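Written below as structure tokens is the structure these notes are about.
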Amino acid sequence: MTCAGAWAAVTRPLWRLHTSARRPLSVFGRKLGARCCSSGMTLDTINPATVDRIIRVDHAGEYGANRFYAGQMAVLGQTSVGPIIQKMWDQEKEHLKKFSELMVALRVRPTALMPFWNVIGFALGAGTGLLGKEGVMACTVAVEESVSHHYNNQIRALMEEGPVKHKELL
Ligand SMILES: [Fe+2]
Numbered sequence: 010m011t012c013a014g015a016w017a018a019v020t021r022p023l024w025r026l027h028t029s030a031r032r033p034l035s036v037f038g039r040k041l042g043a044r045c046c047s048s049g050m051t052l053d054t055i056n057p058a059t060v061d062r063i064i065r066v067d068h069a070g071e072y073g074a075n076r077f078y079a080g081q082m083a084v085l086g087q088t089s090v091g092p093i094i095q096k097m098w099d100q101e102k103e104h105l106k107k108f109s110e111l112m113v114a115l116r117v118r119p120t121a122l123m124p125f126w127n128v129i130g131f132a133l134g135a136g137t138g139l140l141g142k143e144g145v146m147a148c149t150v151a152v153e154e155s156v157s158h159h160y161n162n163q164i165r166a167l168m169e170e171g172p173v174k175h176k177e178l179l
């Protein structure tokens, strides 16, 4: 590849990273090895629509969770439950980081509702923070149960579509 071609690849507008079109990932004319290590599964063998939906929804959920704990910390960060909330928030930061990496690697665009999750997540967190320690913990348990239910539904959907096909995601 020429220098001009390499420069064009580097300076490609960011919006092109978020198109829904499936193209082989490439850098400087080389295909990227987007192969899962343990199963040898490639992106060609999985259902793109299923993966898009799962990654987009989960990323939005993790983003909302981050905003939720940001809201709780804004209200209760200086109280005795502050360190507990911070610990849960740190876990959510790791989850969001992982899904953000997956979005780039799998070329999945984020949901258009990100501004909504930004505001609503923070407002819910701050609102539950106003309920005090017990309110925060009750709400957190309810949210985590809902998240577990959501992930279990995704696992069921992937199992129904083909446990071998989605071995790496399961
Ligand atoms: Fe999470």
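Counting in my numbering, the sequence shown runs from 10 upward without gaps. Beta carbons are placed, not taken as given, at the ideal position from N, Cα and C, and that holds for glycine. It should be emphasised that the depicted structure is a prediction, and the values quoted were computed from it without experimental measurement.
Whole-Å CB distance - residue i paired with residue j, under 8 Å assumed
i: residue 71; j: residue 110; result: The Cβ separation is near 12 Å, so there is no contact.
i: residue 85; j: residue 130; result: Between residue 130 and residue 85 the Cβ distance is about 16 Å, and since that is not below 8 Å, they are no contact.
i: residue 141; j: residue 80; result: Rounded, the Cβ-Cβ distance is 14 Å, inconsistent with contact.
i: residue 65; j: residue 117; result: 6 Å
i: residue 78; j: residue 93; result: The Cβ separation is near 10 Å, so there is no contact.
i: residue 149; j: residue 69; result: Not a contact, Cβ separation roughly 19 Å.
Three-state secondary structure assigned by DSSP to residue i
i: residue 70; result: helix
i: residue 162; result: helix
i: residue 32; result: Its pLDDT being 44, under 50, residue 32 is placed unreliably by the model, and the measurement read from it follows with that caveat. Note: residue 32 maps to coil in three-state DSSP.
i: residue 173; result: coil
i: residue 167; result: helix
i: residue 75; result: helix
i: residue 179; result: coil
Residue i classed as buried or exposed, judged by whether at least 16 other C-beta atoms fall within 10 angstroms
i: residue 67; result: buried
i: residue 179; result: exposed
i: residue 108; result: buried
i: residue 99; result: exposed
i: residue 162; result: exposed
i: residue 122; result: exposed
i: residue 76; result: buried
i: residue 145; result: buried
i: residue 166; result: exposed
i: residue 112; result: buried
i: residue 170; result: exposed
i: residue 173; result: exposed
i: residue 74; result: buried
i: residue 168; result: exposed
i: residue 37; result: Low per-residue confidence applies at residue 37: pLDDT is 40, beneath 50, and the placement is therefore not dependable enough to give any value.
task: Within the stretch 77 to 151, note down every full alpha helix (DSSP H) run reaching 4 residues or more, in order along the chain.
output: 91 to 115 and 123 to 138
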